[in-house]
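Let me begin by presenting the structure, written as structure tokens, before commenting on it.
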Amino acid sequence: MTKEKIRGYTRRITMANKTQMITILYEMVLDYICEAEDSLELQDEKGFTNSLSRATSCIDELIHSLNIKYELGKNLLALYLFEKKQIIKASARISSEELIHVKKTFERLHEAYLQLETKNNEEALMMNVPKVYAGLTYGKGRLEESIAENFMSRGYMA
């Protein structure tokens, strides 16, 4: 994943509520799978397995976020575990066949959570983070970001 994409995810995570965090994790799984497929086309087996390992790490985060007291949580757990097994099979076989089903599943989950985001008005999970302002700079014609606020006071306050 490029540094710019990582920066974008980092910024979104700092401003995300619970539902948006899940959506971001779905996007990360999909990005890592696409990255793995690109690596496979370039015959980069190490890149393929590394990308799939990162995708499984994101799925692990999704698993840890579940509340299995409810039926939906149990169903999602079974789905996540199945898809994680598919990724492990793909990694072991150095094949992208199993990834087709994984991508379809996470694309559908992503679409569902995008709809849920519109109904969730909770505040961001992270509170003591600097605000980021984005806009066009004079004469350069490209998007620039600047961080406002004093972020030296981040963390615990005594």
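In our numbering, the protein residues as written are 198 to 355.
Yeah, the Cβ is synthetic: ideal placement off N, Cα and C, and Gly gets one too.
For clarity, every value in this text was computed on a predicted model and none was experimentally measured.
Item, Value
"Alpha helix (DSSP H) runs wholly inside the segment 258-314, at least 4 long, in chain order", "268-290"
"Separation of residue 239 from residue 383, as counted between CA atoms", "Outside the displayed span of the chain (198 to 355) sits residue 383, for which this structure offers no information."
"Rounded separation between residue 209 and residue 221 - CA only", "8 Å"
"Bounding residues of the alpha helix (DSSP H) (the contiguous stretch that carries residue 212)", "Run containing residue 212: none; DSSP gives neither H nor E here."
"Pair within 9 Å by beta-carbon distance, residue 219 and residue 256", "no"
"Close beta carbons around residue 268, own chain, < 8 Å, minus the five adjacent residues each side", "none"
"Reference residue 319; option with closest CA among 200, 236 and 217", "217"
"Simplified DSSP assignment, three categories, for residue 240", "coil"
"Other residues of its chain near residue 313: CB distance less than 7 Å, five sequence neighbours each side excluded", "216"
"Exposure of residue 278, with buried meaning 16 or more beta-carbon neighbours within 10 Å", "exposed"
"Residue 293 vs residue 250 beta-carbon contact at 9 Å", "no"
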